[in-house]
Every structure is written in structure tokens, then in C-alpha cells.
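Engineer: So that we are looking at the same thing, I have put the structure below in C-alpha cells.
Numbering (the numbering used here), first residue to last: 19 to 173.
This is the structure:
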């Protein structure tokens, strides 16, 4: 199973997919193998195909914050924002320290014009990681949309 991750890290996506599929064949209930297959398919630009492995990983392990974030990312790129927001919300509920999940939740909420709801998630990445470039940008946009101009500039 780790072989797939290593192969993917070295840019060998076809071999990585084969390794993930082999791990799933050996243990169909191995949630991490399904998640890693989805990640590898995503890296190959196969977003449509990546969704099913993420969903399967969550069927097997509903508390997998990373799989929720990955599924949310795929759904968001396909414009399925309500479902993406649900996945990102679950991801941040399960792992409140995941600044990337907070940023993506905030961005999806902003895309729907839900500025008040986006604010807390926009703040969290800045609190967690001052080096996160996405967090301050999302926070600034959120504050600007709320008419909080001075705070937006400071963010």
C-alpha cells in the first residue's frame, strides 16, 4: 500500500494506481488504499474517477478527515458546492487543526455567497498557520464582502 504512495511521489502515476488497486484487491476494506487511489487518480487529472475511491474510503472509515477533505476538493472542482461544503465541514469537525480544510470550506462558502458562514473558517487557517498564504487571502475577501474594509486590509 505504501508502495503506491512512494510511486506517486516519484511521478509514476500509472504504477501507483496499479499498486493501489493491488492493495485494494488484497484487502478491499483498507480505506487508506481507496483514499490513496483517489489521490493518485486526481494527480493524473482523472477527477471524475477519483470521487468513487474517496466515497468508498468514507464508507469504510467515516471518520477519515483526509478522505472528507479529498472528496470535498473533487466535488468543489465539479461545481457540487453543497456536497463539497458538507465534506469540508465534516473534515474540519474531525480535524480542527487542518488549515487546508478550513481554507477550502471557507472558499466554497464564499463561492456560494455565504459570507457570514465563511468568516470563522477563513480565520482558522490564519490562527493555525501564519505561513498559509491562502488563509489570509480568503479572510480578506470574506471581511471585504461583509463591509469590514479596515479589517480586510489588515488581514
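Yeah, the Cβ is synthetic: ideal placement off N, Cα and C, and Gly gets one too.
1) Which residues in the same chain as residue 96 place their Cβ atom closer than 7 Å to its Cβ, once the five residues preceding and following it in sequence are excluded?
2) By how many angstroms is the C-alpha of residue 84 removed from the C-alpha of residue 113?
3) CB residue 99 to CB residue 126, shorter than 8 Å?
4) In this structure, does DSSP put residue 82 in helix, strand or coil?
5) Note down, in chain order, each residue of its chain lying with its Cβ closer than 7 Å to the Cβ of residue 101, except the 5 sequence neighbours on either side.
Structural biologist: In this structure, then:
1) Non-local beta-carbon contacts of residue 96 in its own chain, meaning distances under 7 Å to residues more than five positions away in sequence, involve 65 in chain order.
2) The C-alpha of residue 84 is placed about 9 Å away from the C-alpha of residue 113.
3) In contact: residue 99 and residue 126 (Cβ atoms closer than 8 Å).
4) Residue 82 carries a coil assignment under DSSP once its states are collapsed to helix, strand and coil.
5) Only 93 meet the Cβ criterion.
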